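The sequence shown maps to residues 1 to 526 in full-length UniProt numbering.
Glycine is no exception: its CB is placed at the ideal position from the N, C-alpha and C atoms.
Note that the coordinates shown come from a computational prediction; the quantities given were computed from them, not determined experimentally.
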Amino acid sequence: MLRKAFTVLVVIALLLGGLTTVFAATPKSGGTLRIAASSLQSLQLYKTAANDITDSQSVIFDRLFILSKDNFKPIPSLAEGWTNPNPLTWVFSIRKGVLFHDDNSVFPKGTRREVTADDVVYSIGFMQKTSTAWTLGPITSVKALDRYTVEITTETPQPFLVNDPNRLCRMCIIPKEAIEKLGEDGFAKHPIGTGPYKFKSFSPDSGLLLVKNTSYYLPTYLDAVEFVVIPDPLAQSIALQSGEIDIIKHLFNLEMATSFEKNTKFDVVKSGGGSYRGIGFNTTIAPYNNPAVRKAISMLLDIDTAYKAVIGNHGERAYGQVPPWVPFGYDPSLKNLWSYDPAQGLKILAANGFKDQDGDGFLELNGKPFKIEIKTLPGSQVKTLTILATQLREKGINASVLTQDTAVWADDLVKGNTTVFFDYSFAGTTGFHSLFHGNMIGAANTHFYNNPEVNRLLDEALTKIKFDELSTLWKKAQRLVFEDTVGIPLYFEYSYSVVSKKVVDFVPPWGGLTLVSSENNVWLNK
1 MLRKAFTVLV VIALLLGGLT TVFAATPKSG GTLRIAASSL QSLQLYKTAA NDITDSQSVI
61 FDRLFILSKD NFKPIPSLAE GWTNPNPLTW VFSIRKGVLF HDDNSVFPKG TRREVTADDV
121 VYSIGFMQKT STAWTLGPIT SVKALDRYTV EITTETPQPF LVNDPNRLCR MCIIPKEAIE
181 KLGEDGFAKH PIGTGPYKFK SFSPDSGLLL VKNTSYYLPT YLDAVEFVVI PDPLAQSIAL
241 QSGEIDIIKH LFNLEMATSF EKNTKFDVVK SGGGSYRGIG FNTTIAPYNN PAVRKAISML
301 LDIDTAYKAV IGNHGERAYG QVPPWVPFGY DPSLKNLWSY DPAQGLKILA ANGFKDQDGD
361 GFLELNGKPF KIEIKTLPGS QVKTLTILAT QLREKGINAS VLTQDTAVWA DDLVKGNTTV
421 FFDYSFAGTT GFHSLFHGNM IGAANTHFYN NPEVNRLLDE ALTKIKFDEL STLWKKAQRL
481 VFEDTVGIPL YFEYSYSVVS KKVVDFVPPW GGLTLVSSEN NVWLNK
C-alpha cells in the first residue's frame with residue numbers, strides 16, 4: 001500500500017529519545033498542567049508556524065490523525081482509519097459520536113453537535129483558503145461520500161499529504177457555523193473545537209487557559225491546561241525549577257540541558273527530531289542580493305568553534321537545511337560548499353566594493369558604513385550568533401545581534417523588514433520546501449528566494465514515491481540553494497522537553513502537542 005510504504009520511508013531514520021515515565025496503578029484525575037510558552041499573540045489558525053500557537057491549537061482542536069510517539073507514523077485520531085486506493089485518492093473514515101465544545105456563543109451549554117464528514121470538508125477548505133504558514137499541496141477535490149466518509153483527490157501523487165507533520169497533520173476540525181457567526185477574528189478569540197480541552201480565557205501578555213472537555217471520546221484526567229507566557233528561555237528554566245510551571249516543551253537554552261539532567265526532580269526528554277539553525281539572507285535587498293557577498297560573509301565565520309562553545313554535544317554541524325532524521329534529503333556532501341577562509345572572503349568583498357575608507361577599522365560600501373544586524377528570537381542561538389558577530393567585527397565588519405520578541409521577529413521576517421536573520425524552523429520532512437520554494441514567499445520563505453529550477457525540482461520531488469527518485473531531486477534542489485548561499489547553515493539543534501517528575505505520560509511535540517490520545521494521556525501524580 002502506498003501510504004504504508006512511504007510512511008516507512010519518511011520515518012526510517014528518526015530516533016526517538018528515551019521517555020522516562022512515572023508509572024502508577026491508576027491515573028489520578030484533577031489538577032492544572034502548566035506549560036511554558038514563549039509567545040502567544042493570537043490563536044488564529046494557520047497564520048504562523050510558531051510552536052506555541054500550533055501546540056495550543058492541537059489541544060483545543062482534533063486532527064484527523066496524529067503522529068505516533070514511537071515511530072512517527074500517522075495513527076488515528078478523529079479519523080478512525082484511511083485508505084489510499086490509488087496514488088491520487090485518500091479516503092478517511094470519521095469517528096462517530098465526536099462532539100464540538102459547548103457552553104459558548106455558538107453552541108450553548110447542552111447543545112453539542114456531532115462532527116460529520118461535511119465538517120472535515122469545510123475545515124480543509126478553510127485551511128486552503130486562509131493558510132499562510134502551511135500548505136496541503138495540489139488537492140483537486142474534497143467531498144463527503146456519506147455522513148462519516150471523506151474523499152480527497154490530488155492532482156499528482158502526494159505521499160507527503162499524510163506523512164508530513166506540516167501538511168494534513170496540521171488541519172484542525174472546526175464548525176462552519178462558528179466561522180459564519182464569529183468571523184475569523186472572533187473565532188480566534190473564542191476558538192471552538194472538539195479536542196480534549198476547551199477554551200476558557202486568553203491574554204496575549206499572560207497566557208491561555210483551557211478546561212476539561214467532559215464529553216471527549218477518551219478519558220481526560222486534568223481539570224485544566226494552562227499555557228503560561230514566559231518570553232525569556234532562562235526565565236522559563238527558573239520558573240520550572242521553582243514549580244511555577246510543569247513543562248518546558250522546547251528547551252531553547254540548550255546549555256541548561258546538562259543541569260536539568262543532573263536534577264532528580266525533572267526528566268529531560270529528547271524528541272525524535274530537532275531544529276535547523278542557520279543565518280539567512282533576504283536575497284532581494286542589497287548588498288545581500290549579490291551571491292558573492294553572501295558567500296564572502298560565510299567564509300569569515302568559524303562555525304564549528306562558535307556552536308560547539310554553546311551547545312556542545314546537543315547538536316551537530318549542518319551543511320544544508322535538511323537534517324539527518326529526514327534521510328531522503330540529508331546530504332553531508334554539501335560540506336564541500338563551505339570553508340573557513342577569511343583572507344579569501346575579504347578579497348571577495350574588496351572586489352565587490354567594500355573598503356575601509358575612513359580608517360575606523362570597519363568596511364564601508366559606496367562610502368556608507370556597512371553594518372550587519374542579525375535579528376533573532378531568544379534561545380541558545382543568541383550566544384552562538386554573538387560569537388559569530390564578534391568574529392565578523394574582528395575581520396572588519398560592524399556586526400551585531402538583535403534579540404526580538406518571537407512574534408515581532410516572525411512578523412518582520414514575513415514582511416521583508418529583515419535583511420540578515422537567524423534561520424530557525426522547519427527541519428521536518430518538507431521543511432526545505434517551505435523555506436525555499438518561490439510559492440512560499442510571503443509565508444515561510446523569508447529569504448524571498450525564487451529560483452525556477454529549484455521550484456521545479458521541489459514540485460517534482462513531492463510527487464515521487466520511490467526513495468531514490470525523491471532523494472535525487474531533493475538533494476539537487478538543496479545543492480542549488482546553498483551554491484547560491486541563500487543562507488549559511490550552522491548546526492542542527494537536538495530537541496528536548498524538560499518535564500517535572502509529577503507529570504505522567506507526556507510526549508514531546510512533533511507535528512503538534514498531544515496530551516490525550518490512544519497512546520498517551522497526561523495526568524499529574526501529586
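- Task: Counting only runs of 4+ residues fully inside the stretch 402-433, write out the alpha helix (DSSP H) ranges in chain order.
- Result: 406-415
- Item | Sheet register partners of Phe354 (DSSP bridge) | Leu365
- Could you name the residues that DSSP lists as bridge partners for Trp474? According to DSSP, Trp474 bridges with nothing at all.
- Pairwise C-alpha distance: Asp223 and Ser333: 51 Å
- Query: Hey, Ala296 and Leu388: beta-carbon distance below 7 Å or not?
  - Reply: no
- Do Leu254 and Gly380 come within 7 Å of each other at the CB atom, strictly closer than that value? Here residue 380 turns out to be Ser, not Gly, going by the sequence shown. Contact: yes.
- Task: Tell me the start and end of each unbroken beta strand (DSSP E) in the stretch 189-239 that is at least 3 residues and wholly inside, in chain order.
- Result: Correct list: 197-203, 207-212, 224-229.
- Task: Please state whether DSSP places Ser271 in a helix, a strand or coil.
- Result: strand
- Where does the unbroken alpha helix (DSSP H) through Glu373 begin, and where does it stop? That residue, Glu373, is in no alpha helix (DSSP H); its beta strand (DSSP E) goes 371-376.
- Query: To which residues does DSSP link Val142 through a beta bridge?
  - Reply: Ile152
- Specify whether the stretch 474-489 and the stretch 275-286 touch according to this definition: at least 3 beta carbon pairs, one from each stretch, less than 8 Å apart. Taking a cut-off of 8 Å for Cβ pairs, the stretch 474-489 and the stretch 275-286 touch, as three or more such pairs fall below it.
- Query: Of the residues Ser141, Leu78, Thr156, which one's Cα is nearest the Cα of Ala461?
  - Reply: Thr156
- In whole angstroms, what separates the C-alpha of Gly512 from that of Asn51? 8 Å
- Query: Under a three-way DSSP split, which group does Arg294 fall into?
  - Reply: Looking at Arg294 - three-state DSSP - the assignment turns out to be helix.
- Among Val420, Asn104, Ile238, which residue has its Cα nearest to the Cα of Phe260? Ile238
- Message: By the DSSP assignment, the alpha helix (DSSP H) with Pro452 in it spans what residues?
- Response: 452-461
- Query: When burial is assigned at 16 or more other CB atoms within 10 Å of the CB, is Ala350 buried or exposed?
  - Reply: Label assigned to Ala350: exposed.
- Quick one: measure Cβ to Cβ for Lys375 and Phe422, integer angstroms, because I've assumed they're closer than 8 Å. 7 Å
- Below 8 Å on the Cβ atoms is my guess for Trp523 versus Tyr221; work out the distance and round it to an integer in Å. About 4 Å separates the beta carbons of Trp523 and Tyr221, which is inside the 8 Å limit, making them a contact pair.
- Which of the three DSSP states, helix, strand or coil, is assigned to Ser123? Shown here, Ser123 sits in a helix according to DSSP, grouped into three states.
- Start and end residues, alpha helix (DSSP H) containing Ala306: 303-311
- On the premise that Ile66 lies in contact with Ile77, defined as a C-beta separation below 8 Å, what is that separation, rounded to the nearest angstrom? First, the amino acid is wrong: residue 77 is Ser here, not Ile. With 8 Å as the limit, Ser77 and Ile66 qualify as a contact, their Cβ atoms being about 5 Å apart.
- Val22 - DSSP class collapsed to helix/strand/coil: Its pLDDT being 41, under 50, Val22 is placed unreliably by the model, and the measurement read from it follows with that caveat. Val22: coil per DSSP, three-state reduction.
- Could you give the residue range of the beta strand (DSSP E) that holds Leu490? 487-500
- Query: Expressed to the nearest angstrom, what Euclidean distance is found between the alpha-carbon atoms of Phe482 and Thr48?
  - Reply: 25 Å
- Message: On the DSSP letters alone, give me the boundaries of the beta strand (DSSP E) that Ala36 sits inside.
- Response: Here the beta strand (DSSP E) through Ala36 covers 32-37.
- Query: Below 8 Å, can you find three or more Cβ-Cβ pairs linking the stretch 122-138 to the stretch 167-180?
  - Reply: yes
- Message: I'd like to know if the stretch 238-247 and the stretch 447-458 are in contact, where contact means that at least 3 CB-CB pairs between them fall below 8 Å.
- Response: no
- Other residues of its chain near Ser123: CB distance less than 7 Å, five sequence neighbours each side excluded: When the five nearest sequence neighbours on each side are left out, the beta carbons in the same chain lying within less than 7 Å of the beta carbon of Ser123 are those of Met171, Cys172, Ile173, Ile174, in order along the chain.
- Are Gly207 and Phe227 close, meaning C-beta to C-beta below 7 Å? yes
- Message: Considering only the alpha carbon of each residue, which of Gly431, Pro509, Phe432, Val401 lies closest to Thr418?
- Response: Val401
- Message: Taking 8 Å as the cut-off, does the stretch 183-199 touch the stretch 32-44 (at least 3 CB pairs, one atom from each stretch)?
- Response: Short answer: they touch.
- Item | Residue interval of the beta strand (DSSP E) (run including Leu251) | From DSSP, Leu251 is part of no beta strand (DSSP E); its letter is neither H nor E.
- Please classify Gln357: is it buried, with 16 or more other beta-carbons within 10 angstroms of its beta-carbon, or exposed? exposed
- Item | Cβ shell of Gly320 (< 7 Å), same chain only, five flanking positions each side left out | Taking C-beta separations shorter than 7 Å and ignoring five residues to either side along the sequence, the partners of Gly320 in its chain run Asp331, Leu334, Gln478, Phe482, Pro489, following chain order.
- Helix, strand or coil: which one does DSSP assign to Pro509? coil
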